[in-house]
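The structure under discussion appears below in the form of structure tokens.
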Amino acid sequence: MRAASESLRAELPPRKLESTSMAARDLESGRTRRRVALLMDAIEDEYQVGIVRGAASAAQHANVELVCLAGGPLGDSERDARPRRNFLFDLLDPRDFDGILLLGGSLGNHVGLEALSQWTERFGGLPKVSLGVELPNCHNVVVDCAPGMRETLRHLIETHHHRRIAFIRGPATSFEAEQRYHAYREVLAQHQIAEDPRLVLTGDWLRDSGASAMRELFDVRGIAVDAVSAIASANDYMALGAMEALRERGVSVPGDIAVTGFDDVNMGRCAVPALTTVAQPTDALGREGIQRLVSLMSGKSEPRLSQLPTTVVGRRSCGCSKATVLMHRRGPAKAGRSLEVAVLERRALIFAELSRSARGSLLGAGPRWEERLLSSLLAELQGSSEGAFSAAVDQLMAGLHRAGADLTSAQPVLGTLRRSLQDCASGDAESLLRIDDVLDSARELIGEWVVRGESLRRLYLVELLRDLSRVSSMLLAHERGPARREAFEAALRRLGIPALSLGLFTRAGKVSPVCACLAAYEPSGRVRPETQFRSADFRAKGVFENERGALLVQPLLFEREPLGILTVALGEHQGSVYEQMREAFCIALRGYRLAGG
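Per my numbering, the very first residue in the sequence shown carries number 14; after that it's consecutive.
Structure, rendered in structure tokens:
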């Protein structure tokens, strides 16, 4: 990792005079808004998207400019293509930023904590906050993963009586992966279960590695299917891959083998069966990171470490299908106290918890949606209006769909409603079973809406990528000059990209200090006449000066050839769209370069 980084640095000429830096220009223009760099590997999965969402919200509230640099994970570029994106980090000039926020867990997965900590020394005395892993030279905001993993494993052992539990761990160089693996070993030891090394598999966080782990377990190691009763995974994607591989073998989940994950991604909520997991507070991680960094930038003293808790989310994949789950934790019901009375007593609290779990994502559901859900659920539980709750959920989902909202945001609300009603019916087994039946039906209904929405989203993505490919091919047109660029920018606007800066390195095959500006526009429609910009600025001058949201900077390269820089204002697109956009521009710029551009 060090050698690759140093070779890239060697190709870069010395910095220009300080008067040309963004910081100097900010001073000259009187700009007072502080600027923070969020360093991450990519913006592809829900973990990264959740952190960016929380950080962007906190940065906007604090009037801080947030620049997200998706420069790939650190590592050996000879063995893995993704670290070849690291040149983006090498371009970062610490003088241009007031603080550094880094996704330590995903950045350092393949190099380890010591190498990651050494790498952060390049940012000198800037305030630095690491998210996900604790580094000695940073302030740190981390998620305490161990309690959630321990509770999940205890649940498998104590509630479902599993003793042959396989474990899919993450990369050995990942602190978070090792923390979860140690929790697995600890709980086995506490329950006098001998660890069988044949049941421990290694993955790389990705879905395919979960499927590969099943092939390793059953085909390579020769473990019989009936010799394993449960599989715990260090993250949801690997768990989902394992579930798919089990299904292909005709193995029932959870009938034959129970499966659990970690992270609570949307795909796990909508899986069949729904995945039991541990929810990470990714939004809170991003928000807390920015708040801590802003405080440090203001000269305040902050603790070196903050830990955020996780929450175990019980669903079907572990075997929890009815209300017997965790009933031993509930106290007896008050004598003569009906479910209706208990709900009415807690009505205001239930509404507040529902609103909090929605986190503002159900605005499209219309006013008083909490009241509609609770009253219809109570009516159906009492038998006075069969199907009332399903009808209310269907109406809510239709409203979210019309508003273009995230349909999966209804699932946490349903989980909160389930817990609230279970608390109200504590000890009443008949009511608990009825609550689970009604809410399970509603969960399946939401799943149908999500599948429908996902199908539409994929169709939209296919259309977008087709249009993006067509638009990016405009770079290959023979004509050159302002007219071609104006047409290119207009076509990009029509794709729903409100502001963009696209630069091509002026030295073919090298990371150069200057980019040729191929496109630069802002929402106002004002023409940006710049033909070049400093690569270390990451965008053409003035393009995002009125942007209040976060910016995403992505490196463009084709195989081993650095091509340029793409910067966009983060909008409503899902995270994977930006990665697909990056890939389309990589191909287009490679063709443009070959055509003599």
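All C-beta atoms, glycine included, are put in the ideal place defined by N, C-alpha and C. All of these numbers come straight from a predicted model, not from anything done at the bench.
Check: Return the residue from the list 229, 205, 202, 219 that minimises the CA-CA distance to residue 212.; Outcome: 229
Check: Do residue 101 and residue 566 have their beta-carbon atoms positioned less than 8 Å apart in this structure?; Outcome: yes
Check: Quick check: the Cα distance between residue 481 and residue 505, rounded to an integer number of angstroms?; Outcome: 8 Å
Check: From residue 409 to residue 134, what does the alpha carbon distance come to, in whole angstroms?; Outcome: 50 Å
Check: Can you give me the start and stop residues for the beta strand (DSSP E) that residue 326 sits inside?; Outcome: 324-326
Check: Roughly how many whole angstroms lie between the Cα atoms of residue 163 and residue 93?; Outcome: 33 Å
Check: Can you tell me whether residue 289 is helix, strand or coil according to DSSP?; Outcome: strand
Check: For my contact list, residue 281 and residue 65 are in at a C-beta cut-off of 8 Å; report their separation, rounded to the angstrom.; Outcome: Residue 281 to residue 65, Cβ: 20 Å. No contact.
Check: Residues in its own chain within less than 6 Å of residue 125 by CB, not counting five upstream and five downstream?; Outcome: 186
Check: Nearest CA to the CA of residue 602: which residue from 559, 532, 539?; Outcome: 532
Check: If we count Cβ pairs, one from each stretch, closer than 8 Å, do we get three or more for the segment 243-251 versus the segment 267-282?; Outcome: yes
Check: Rounded to whole angstroms, what is the Cα-Cα separation between residue 667 and residue 365?; Outcome: A query on residue 667 cannot be resolved here, the shown segment of the chain reaching from 14 to 610 and no further.
Check: Does the segment 80-97 come close enough to the segment 42-56 that 3 or more CB-CB pairs lie under 8 Å?; Outcome: yes
Check: Throw me the rounded Cβ distance for the residue 177 and residue 170 pair, which I believe falls under 8 Å.; Outcome: Going by Cβ atoms, the distance from residue 177 to residue 170 rounds to 11 Å, so no, they are not a contact pair.
Check: In chain order, what residues of the same chain lie with their CB nearer than 6 Å to the CB of residue 571, ignoring the 5 residues before and after it?; Outcome: 599, 603
Check: Taking the C-alpha atoms as reference points, what is the distance between residue 60 and residue 554?; Outcome: 32 Å
Check: If you count every other CB in all the chains shown that lies within 10 Å of the CB of residue 473, and 16 or more means buried, which is it?; Outcome: exposed
Check: Determine the burial state of residue 76: buried for a count of at least 16 other Cβ atoms within 10 Å of its Cβ, exposed for fewer.; Outcome: exposed
Check: Spell out the partners DSSP gives residue 153 in its beta bridges.; Outcome: 143, 318
Check: I want to know whether the segment 101-115 touches the segment 290-307 - three or more CB-CB distances under 8 Å.; Outcome: yes
Check: For residue 3 versus residue 374, is the C-beta distance shorter than 8 Å?; Outcome: The structure shown does not extend to residue 3, since the chain spans only 14 to 610, so no value can be given for it.
Check: Three or more C-beta pairs closer than 8 Å, one from the segment 149-167 and one from the segment 190-199: is that the case here?; Outcome: yes
Check: Decide if the segment 262-279 is in contact with the segment 114-123; the criterion is three or more beta carbon pairs, one per stretch, under 8 Å apart.; Outcome: no
Check: What does the alpha-carbon distance come out to for the pair residue 595 and residue 215?; Outcome: 30 Å
Check: For residue 246, list the residues DSSP reports as bridge partners.; Outcome: 181
Check: Taking DSSP's pairing of strands, which residues face residue 528 in a bridge?; Outcome: 518, 546
Check: Using the Cα positions of residue 5 and residue 355, report the straight-line distance between them to the nearest angstrom.; Outcome: The question about residue 5 has no answer, for the chain in this structure spans 14 to 610.
Check: When the distance is taken between beta carbons, is residue 535 closer than 8 Å to residue 512?; Outcome: yes
Check: Just verifying my parser: in three-state terms, what is the DSSP assignment at residue 236?; Outcome: coil
Check: Below 8 Å CB to CB, which residues in the same chain sit around residue 370 once its five sequence neighbours on both sides are set aside?; Outcome: 425, 426, 428, 429
Check: Exposed or buried, what is residue 122 when buried is set at 16 or more other beta-carbons lying within 10 Å of its beta-carbon?; Outcome: buried
Check: Over the uninterrupted alpha helix (DSSP H) stretch that includes residue 395, give me the two end residues.; Outcome: From DSSP, residue 395 is part of no alpha helix (DSSP H); its letter is neither H nor E.
Check: Look at the Cβ atom of residue 47, then the Cβ atom of residue 78, and state whether they are nearer than 8 Å.; Outcome: yes
Check: To which residues does DSSP link residue 564 through a beta bridge?; Outcome: 80, 582
Check: Determine the extent of the alpha helix (DSSP H) in which residue 108 is found, giving its start and end residues.; Outcome: Taken as a continuous stretch (DSSP letters only), residue 108 belongs to no alpha helix (DSSP H), as it is neither H nor E.
Check: Excluding the 5 residues flanking residue 383 on each side, which residues of the same chain have their C-beta closer than 7 Å to its C-beta?; Outcome: 364, 367, 368
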